[in-house]
Structures are given as C-alpha cells and as structure tokens.
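First the structure, in the form of structure tokens, and then the observations on it.
Written as structure tokens, this is what we have:
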C-alpha cells in the first residue's frame, strides 16, 4: 500500500499517485482507495444512469472507470471496457475525491486556492476568465499553493490538495517552463500538469476571501463585492459537481450549511473580464490588491 496526505486526510491506496504528498504515517488512515470488481448493479443501469449521490454510498461510472465511495472512508475503482489506465488517477483525484468530500461533510469547490500568513483565498471562474493567470500572479506575490482544481472547505477552513497546477499553454510559455518536463493533459483545452515550485503545506488554512472571475460584454473590467446571503448561491454553484446535481441536491442540508456559514463570514469579489480584450494585467492587479486588504 501507498500512503499520502491530501485534503487533511491520511489516505492509503493500492494505486500509486506520484502527484500526491507522501505520508510518514503508514500505520493508520482516514480513507482507503482500492481496486474492486465492476459492480453488476451499476453496469445494469449504465449508461442510462451514470452516477448517484448519497451520504453513505455514491457511485460514478464513465468510459474510463467505475468508482464507488462508502461512508467517506472507502473508494473503490475498476477500469471499464475501454478505460485508459493513464486517465484513472485524474478521475479518482477529481470525481472520486469530490464524492468523498461530500460524504465527510465537506463542500468540494471547483477552484484554485492560495494562502499567505493570514489565510486562504479561493479563486473560481469559467474557462478563459483567467484563473490560471491570476493564481500564478498570487504565487509570485508570495502566496503558497493550496489547490489548483478543487479545494475542500468546511465553512471556515480550506483543505489543501496536492502540489501540482493545471496550466494553459500561454501561462506555461510566459513563465518559462520546460515543456519536456510537463505532462500534457488536455488536448481540447491545451493544458499541462506542472509541479508547484514552492514549499507545499498540507495543513488546513482559514478562508479569508473568495474571488469569482467571469466573462462580460462590457468594455472594461468590472467588479462587484457580494455581501451576506447573496454570496450563498455563488458558493453553492461552484460545487465541483454543480453540473451533475439538481437544484434540490445542490442545496441539501449537509452541504447548504457550509454555504451559509461561508456566506456569513467569507468576503466575495466578482471580477468581470471583457470578452476579446487583453485585460489580464488589470484583472490580476485588482484581485491581488483586494486580497491584500482582507
């Protein structure tokens, strides 16, 4: 077995994950990842039904693999007929960890996260809004990486993922990465997986702010600070599984409570980036200056 530190847990796994932080504790674990046979029950309803969410049992199946999560403590996996082994890790660390989070009473937020000595800043946004560029700018300002694609939150704290970033080609070229040392991960979006160059802290950090990047038809960059309960739907809509879940599921009590706690305490700045205009520097400057004032 392999042992890792991820999202505040000690995780045992029969599958190696080179991108995770190795744990020194090999005597106990909070959750385990292990291979299991394909479920006849799931196979009988797939692909008509592709997933099911539950606080004690969840499953998700696609053309790569089938995964099942039990009581926030056990994740099983099996490659499906045409499944590619190289993609398995990404699904387990993405969808699998997201399912695990919800069963453990956490909200998996689709975002990157950075931190300084005062706490963590979550950065969410649609594709093309500048999340990778903004995250990289924060790292240059002395912030440390907590997560790149998904962070776990409990309402007060953010739990770190692993020391890798998914970077667009323009960011990779601008920051001087050697393409031969990176993993090409997404032909459709042209992204690379790059190891974080700084020191990675696996301890949870208090959440001090949330930045939402979005695209607009305005002529200039626009900003708006959300307050109180108007923050609530923003936090809930950025659930890692937002596209999978119905409205009722999105606001289920075991997740909604976390959203309400964040809405009452975590400042939120929305930054709108004009479509088709080169405003990356202004977006970054706005985001970093706002975070400094928190």
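Numbering (the working numbering), first residue to last: 311 to 604.
A virtual CB, placed ideally from N, CA and C, is assigned to each residue, including glycine.
- Around the CB of residue 519, 16 or more other CB atoms lie within 10 Å, so the residue is classed as buried.
- Contact annotation, residue 531 with residue 581: C-beta distance approximately 7 angstroms; criterion of less than 8 angstroms satisfied.
- Annotated three-state conformation of residue 577 is coil, per DSSP.
- Linking residue 501 to residue 586 through their CA atoms gives a straight-line distance of about 20 angstroms.
- Burial of residue 409 is indicated by the presence of at least 16 other C-beta atoms within 10 angstroms of its C-beta.
- Beta-bridge partners of residue 476 (DSSP): 503.
- Note that the region 390 to 398 does not touch the region 424 to 438; fewer than 3 beta-carbon pairs, one per stretch, sit closer than 8 angstroms.
- With a beta-carbon spacing of about 6 angstroms, residue 439 and residue 583 fall inside the 8 angstroms limit used to define contacts.
- The beta carbon of residue 336 lies closer than 7 angstroms to those of 313 in the same chain, with the five residues before and after it left out.
- Residue pairing of residue 468 in beta bridges, as defined by DSSP: 463 and 515.
- When the beta-carbon positions are compared, residue 542 and residue 569 come within less than 7 angstroms of each other.
- A residue is called buried once 16 or more other Cβ atoms fall within 10 Å of its Cβ, and residue 604, having fewer, is exposed.
- Taken through DSSP and simplified to helix, strand or coil, residue 600 comes out as helix.
- In this chain, the alpha helix (DSSP H) harbouring residue 542 covers 542 to 547.
- The Cβ-Cβ distance between residue 463 and residue 493 does not fall below 7 angstroms.
- Comparing alpha carbon positions, the residue from 323, 346, 350 and 601 closest to residue 338 is 323.
- Here the C-alpha atom of residue 402 lies approximately 27 angstroms from the C-alpha atom of residue 453.
- For the pair residue 447 and residue 485, the Cα-to-Cα distance works out to about 10 angstroms.
- Annotation for residue 551: no beta strand (DSSP E) segment contains it, and DSSP assigns it neither H nor E.
- In the pairwise beta carbon analysis, the region 571 to 579 is classified as touching the region 506 to 526: at least three pairs are separated by under 8 angstroms.
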